[in-house]
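Accompanying notes for the structure given below.
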Amino acid sequence: MSNHLPAGAGSGGGGGRAGDSGLRYPSNGKTIYHRPLNRTKTAELSKAAFAYLFAEMVSYAQRRVTGIQELEKRLNLQGHPIGLKLLDLLLFREPPRTQLRPLNIIALLHFIKINVWTHLFGRQADRLEKSSNPDTPDEFMIIDNEPLVNAYISVPKEMSQLNCAAFAAGIIEGVCDGAGFPARVTAHTVGDTGEGGEMWPGRTVFLVKFQPEVLEREALIGAKS
Amino acid sequence: MSFHFAHSSKPWPLPSRIPPRRQRHGNLLKKKGSLIASLTVFSLVIINKAGGLIYNRTFHEGGLNKISTNDYLVLAGTFHGVHAITARLNPVKSAPERPLSNSIPGVPGGILTRPEPPSGLEVLESENFRLQCFNTLTGVKFLLFTDTTQTNVDVIIRRIYDLYSDYVMKNPFYQLEMPIRCDMFDRKLLSYIREVNNR
């Protein structure tokens with residue numbers, strides 16, 4: 001532990017704390033909490049750094065699981081708190097007049113497709129669809145042709161059920177839960193089948209399945225207005 | 001240099017007739033001063049730092065005779081050994097230190113004065129093909145078999161290294177030093193080589 005201490009740790013104001021927690025503080029004392037929350041400038045991050053980090057997250061989640069379902073569940077759980085916080089942050093960054101949380105399903109899904117996606121991945125999601133099956137009116141689909149989280153990942157054949165975008169699904173689930181639309185979100189690879197499968201082998205469908213009470217409320221609001 | 005013929009047990013007339021024609025074709029075009037040269041990348045072999053074969057793919061059928069996977073394993077191991085020995089054959093004047101000590105960190109003299117590490121065997125050429133080796137800093141070797149007239153092999157091999165570091169090293173399901181089975185790597189590699197071969 002001692003060799004991780006920065007050389008000038010004793011001189012700075014935060015030096016003592018750095019020793020206690022093992023965390024390092026910038027020499028000017030400004031942490032990320034000192035930065036303004038609503039900078040509008042697009043801050044770019046290294047894709048490679050994210051890819052390595054995400055690869056480690058997948059390996060970590062894989063370490064103590066028995067099945068693919070469980071692995072996806074873990075990735076989902078890793079994303080969930082990000083979605084919860086992201087909803088607040090993105091609404092805070094909206095101009096004050098439009099600082100409203102989405103009040104119906106369509107508005108929420110558009111918010112995810114446009115704002116959340118642009119913030120996370122630098123572009124919008126490719127498509128938004130409602131389930132065509134009349135038995136499942138609670139299912140909606142957000143379609144991404146090339147999920148950024150899967151950019152460098154090839155899933156081995158024996159795990160072909162797995163889609164690591166379960167992490168992004170967790171983020172979506174967090175946003176939905178935070179907005180008061182509890183839902184289950186799962187990620188599915190559909191690259192091999194369907195139109196354009198050749199062109200987009202990694203196409204992923206995020207299946208958003210809202211809880212029954214959400215649709216009940218939606219129907220009530222729809223009837224009133 | 002004709003080791004690939006030594007491995008083919010049965011006489012197979014077709015491929016032995018094809019390479020000379022290709023060769024003549026290439027030379028003819030070069031003599032004419034045309035910008036089009038016959039450019040072909042035949043196959044790629046990746047060897048891990050222990051000398052094991054971890055990837056082997058043929059891009060152009062009929063360019064080289066087929067040899068069995070076992071022979072490829074032997075080729076990888078042999079090349080690794082030859083490379084290691086040739087890396088020790090450095091001219092004396094350019095190496096003030098013994099070449100072996102180069103790899104040991106903390107040698108007095110510091111990192112600034114350290115000479116380039118000895119590179120070892122880089123190109124191996126026969127009448128019908130050219131073998132270019134690219135040894136990464138971590139000891140992975142990329143062997144690219146190309147036509148003898150292929151240009152810019154350095155660029156191609158560097159791009160393949162890019163693809164390897166993206167689609168193999170960033171894949172959480174790849175285990176280091178193990179054979180490479182990554183769909184995404186295969187796909188990107190094939191489309192890149194197709195582009196090179198059709199240029």
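As given, the protein sequences belong to chains R and P, one line each in that order.
By full-length UniProt numbering, the letter at position 4 of the first sequence is numbered 4, and the numbering carries on one by one without gaps.
By full-length UniProt numbering, the letter at position 186 of the second sequence is numbered 186, and the numbering carries on one by one without gaps.
No residue lacks a Cβ here, since even glycine has one placed at the ideal position from N, Cα and C.
request  = Measure the Cβ-Cβ separation of A165/R and A187/R and say whether it is below 7 Å.
outcome  = As a working mapping, residue 165/R is identified with position 165 in the first sequence. As a working mapping, residue 187/R is identified with position 187 in the first sequence. Yes, these two residues count as a Cβ contact at 7 Å.
inquiry  = By the DSSP assignment, the beta strand (DSSP E) with residue 234/R in it spans what residues?
reply    = Outside the shown range of chain R (1 to 225) lies residue 234/R, about which nothing can therefore be said.
ask   = Bridge partners of Q124/R, per DSSP?
value = For this step, residue 124/R is matched to residue 124 along the first sequence. Paired residues: none, contrary to the question.
task = With a 10 Å radius around its C-beta and 16 neighbouring C-beta atoms as the bar for buried, classify H25/P as buried or exposed.
result = Here residue 25/P is taken as the residue at index 25 of the second sequence, counted from 1. Per-residue confidence for H25/P stands at a pLDDT of 42, beneath the threshold of 50, marking its modelled position as unreliable; no derived number is given.
ask   = Does DSSP put K49/P in a helix, in a strand, or in coil?
value = The residue you call residue 49/P lines up with position 49 of the second sequence. DSSP places K49/P in coil when its eight states are reduced to three.
key: Best match in G81/P, I85/P, R181/P and N197/P for proximity to F145/P [C-alpha to C-alpha]   = In the second sequence, the residue the question calls residue 145/P occupies position 145. Closest option to F145/P, Cα to Cα, is N197/P.
ask   = Hey, quick one: how far does the beta strand (DSSP E) through Q132/P stretch, first residue to last?
value = Start at 1 with the first residue of the second sequence, and residue 132/P comes out as number 132. R130 to N135 is the extent of the beta strand (DSSP E) around Q132/P.
inquiry  = Applying the 10 Å Cβ sphere with the 16-neighbour rule, what's the burial state of K30/P?
reply    = For the purposes of this step, residue 30/P is taken as residue 30 along the second sequence, with counting starting at 1. With a pLDDT of 38 at K30/P, under the threshold of 50, the modelled position of this residue cannot be trusted; read the value that follows with caution. The residue is exposed, with fewer than 16 neighbouring Cβ atoms inside 10 Å.
query = Which ranges would you report for the alpha helix (DSSP H) in the region 119–188 of chain P if only whole runs of at least 4 residues count?
reply = 153–167
inquiry  = If contact is defined by three or more beta carbon pairs under 8 Å, each pair taking one atom from either stretch, is the region 134–145 of chain P in contact with the region 45–61 of chain P?
reply    = yes
inquiry  = Starting from L207/R, trace the alpha helix (DSSP H) in both directions and tell me its first and last residue.
reply    = Along the first sequence, read from residue 1 onward, the residue named residue 207/R stands at position 207. Segment T204 to F210 is the beta strand (DSSP E) holding L207/R; no alpha helix (DSSP H) there.
F210/R versus G170/R - alpha carbon distance = Along the first sequence, read from residue 1 onward, the residue named residue 210/R stands at position 210. Along the first sequence, read from residue 1 onward, the residue named residue 170/R stands at position 170. When rounded, the distance between both Cα atoms is 14 Å.
message = Less than 7 Å between CB atoms is the rule here; does D162/P satisfy it with respect to chain R?
response = By 1-based counting over the second sequence, the position of residue 162/P is 162. Chain R, which has no Cβ nearer than 7 Å to the Cβ of D162/P, makes this no.
ask   = Any beta-carbon of chain P closer than 7 Å to the one on V58/R?
value = Along the first sequence, read from residue 1 onward, the residue named residue 58/R stands at position 58. Cβ-Cβ to chain P under 7 Å: yes for V58/R.
task = Would you mind sorting N70/P into buried or exposed? The rule is 16 or more other CB atoms within 10 Å of its CB.
result = On the second sequence, position 70 is the one that residue 70/P refers to. Exposed, by the Cβ-count rule.
inquiry  = For a test of the three-state rule: what should DSSP assign to I153/R, helix, strand or coil?
reply    = By 1-based counting over the first sequence, the position of residue 153/R is 153. DSSP places I153/R in coil when its eight states are reduced to three.
key: Own chain partners of G109/P with C-beta closer than 6 Å, once the 5 adjacent residues on each side are dropped   = Here the question's residue 109/P lines up with position 109 in the second sequence. For G109/P, the pLDDT reaches just 49, beneath the cut-off of 50, and the residue's location in the model is therefore unreliable, although a value from the coordinates is still provided. Excluding residues within five positions, none has a Cβ falling inside 6 Å.
key: Nearest to Y161/P (by Cα), restricted to the options D186/P, F134/P and P179/P   = Residue 161/P sits at position 161 when you count from the first residue of the second sequence. Considering only alpha carbons, the answer is F134/P.
ask   = Using DSSP with H/G/I as helix, E/B as strand and the rest coil, what is G109/P?
value = Start at 1 with the first residue of the second sequence, and residue 109/P comes out as number 109. Note on G109/P: pLDDT 49, under 50, position unreliable in the model; the coordinate value appears next. DSSP places G109/P in coil when its eight states are reduced to three.
request  = Could you tell me whether the Cβ of residue 201/P comes closer than 7 Å to any Cβ of chain R?
outcome  = What is shown of chain P runs 1 to 199, which leaves residue 201/P out entirely.
Min CB distance A169/R to chain P below 7 Å = Taking the first residue of the first sequence as position 1, residue 169/R is located at position 169. It does not: the Cβ of A169/R has no partner Cβ on chain P nearer than 7 Å.
Any non-hydrogen atom of the ligand PLP closer than 6 Å to Q124/R Cβ = The ligand content of the structure shown is nil, which means the ligand PLP is not present either.
inquiry  = Taking 6 Å as the limit between beta carbons, can you name the residues of its chain near P179/P, skipping five residues before and five after?
reply    = Translated into positions along the second sequence, residue 179/P becomes position 179. Here the set comprises I54.
ask   = Going by beta carbon distance, what residues of the same chain come within less than 6 Å of G178/R, once the five residues before and after it are set aside?
value = Here residue 178/R refers to the residue found at position 178 when the first sequence is read from its first residue. Once the five neighbours on either side are set aside, the close Cβ partners of G178/R are L84 and L87.
ask   = Are any of the Cβ atoms in chain P nearer than 7 Å to that of P156/R?
value = The residue you call residue 156/R lines up with position 156 of the first sequence. With 7 Å as the cut-off, P156/R counts as an interface residue toward chain P.
message = If contacts are defined as beta-carbon pairs under 8 Å, then E218/R and I105/R qualify, I think. What distance do you get, rounded to the angstrom?
response = Start at 1 with the first residue of the first sequence, and residue 218/R comes out as number 218. Start at 1 with the first residue of the first sequence, and residue 105/R comes out as number 105. Contact flag correct, Cβ pair sits at about 6 Å.
ask   = Any C-beta of chain R sitting closer than 7 Å to the C-beta of N56/P?
value = Within the second sequence, the letter at position 56 stands for residue 56/P. No, because no Cβ of chain R sits closer than 7 Å to the Cβ of N56/P.
request  = Just the chain P side, please: which residues come within less than 8 Å of A55/R by C-beta, in chain order?
outcome  = As a working mapping, residue 55/R is identified with position 55 in the first sequence. K170, N171 and P172, listed in chain order.
task = Check the Cβ-Cβ distances between C133/P and every residue of chain R, and say whether any is below 7 Å.
result = Locating residue 133/P in the second sequence gives position 133, counting from the first residue. So no, C133/P is outside the interface.
query = Taking the beta strand (DSSP E) that E139/R falls in, what are its first and last residues?
reply = For this step, residue 139/R is matched to residue 139 along the first sequence. From DSSP, the beta strand (DSSP E) with E139/R extends over E139 to D144.
query = Between the Cα of P102/R and the Cα atoms of F181/R, R203/R, V185/R and F121/R, which residue gives the shortest distance?
reply = Your numbering for residue 102/R matches position 102 in the first sequence. With distances taken between Cα atoms, P102/R lies closest to F181/R.
query = Nearest-angstrom Cα distance between Y72/P and V155/P?
reply = Translated into positions along the second sequence, residue 72/P becomes position 72. Translated into positions along the second sequence, residue 155/P becomes position 155. Their backbone Cα atoms lie some 24 Å apart in a straight line.
key: Within chain R, the residues that R181/P reaches when beta carbons sit closer than 7 Å   = Here residue 181/P refers to the residue found at position 181 when the second sequence is read from its first residue. Here the neighbours are P156.
request  = Under 8 Å by Cβ, that's how I've got A168/R and P147/R pegged, so tell me the actual separation to the nearest angstrom.
outcome  = Counting from 1 along the first sequence, the entry for residue 168/R is found at position 168. Counting from 1 along the first sequence, the entry for residue 147/R is found at position 147. Sure, about 6 Å apart at Cβ, within 8 Å.
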